[in-house]
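Reading the sequence shown from the start, the letters are residues 46 to 199 in our numbering. Idealized CB from N, CA, C, for every residue including glycine. Take a look at the structure set out below.
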Amino acid sequence: MKKNFLILLLLLGIQVFSQNDDPDQKFHHKVYGKCFKSLKQIPETENQLLLKALSFCSLLECTIGFEYSENKKDTQDAILKRAIEITNLLYDEGTPVYLISGLDSSDEAEKQNQNITDDNNLVYISVGGCVSTNELQKIKQIINQQTLKLINKK
């Protein structure tokens, strides 16, 4: 019952996020939620009830899945690898992303995104709420490091 409730809560969270009518938020959702259909399910997640419902084709799904991976190292490593893969795909499309979180992060992202040509077309995306989990901080750090590595490689 608890697992069903968590799945329902997870799906409702995605639904609420996608109902935002703010055009700037829609752009962020397009980037953060962009699903690369060519990516296959992560094998390490197929036998886990909470994770097998996710396709892990977007950074949004990787972030959510990472937070619910129940500290299983092999699963977390596979999700982080996928997040890096998606970060590379977004960069190759000309949309490097930088995730931020914490108090007023959505305002900060909006401010930073007013002129995306000022810093290598970097798109700032606010994730989480005022308080974020250790898992969110870890995946955010990995994604941001990869983005900066790609930008500095140019």
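Once you ignore the five residues that flank residue i on each side, which residues in its own chain have a CB closer than 6 Å to its CB?
i, result
"Ser103", "Gly78, Lys79, Cys80"
"Leu106", "Here residue 106 turns out to be Glu, not Leu, going by the sequence shown. Closer than 6 Å at Cβ, skipping near neighbours: Leu99."
Skipping 5 residues on each side, what residues in its chain have a beta carbon closer than 8 Å to that of residue i?
i, result
"Ala154", "His73, Ile145, Tyr169, Ile170, Ser171"
"Lys82", "Cys102"
Given a threshold of 16 other Cβ atoms within 10 Å of its Cβ, counted over all protein chains shown, does residue i qualify as buried or as exposed?
i, result
"Gly139", "exposed"
Going straight from the alpha carbon of residue i to that of residue j, what length do you get?
i, j, result
"Asn65", "Ile109", "Low confidence applies to Asn65: its pLDDT is 48, below 50, so where it sits in the model is not reliable, and the reading given next is rough at best. If you take the alpha carbons of Asn65 and Ile109, they lie about 18 Å apart."
"Asp119", "Lys156", "37 Å"
"Asn116", "Lys126", "16 Å"
"Glu89", "Ile184", "17 Å"
"Lys85", "Asp122", "16 Å"
"Glu180", "Asp163", "30 Å"
Determine which residues share a DSSP beta bridge with residue i and list them.
i, result
"Ser171", "Ile145"
Determine the contact status of residue i and residue j, defining contact as a CB-CB distance below 8 Å.
i, j, result
"Gln191", "Ile124", "no"
Please list, in chain order, all residues of the same chain as residue i whose beta carbon is under 7 Å from its beta carbon, the five residues on each side excluded.
i, result
"Ile161", "Leu167, Val168"
"Asn189", "Tyr143, Leu144"
"Ile196", "Pro141, Asn165"
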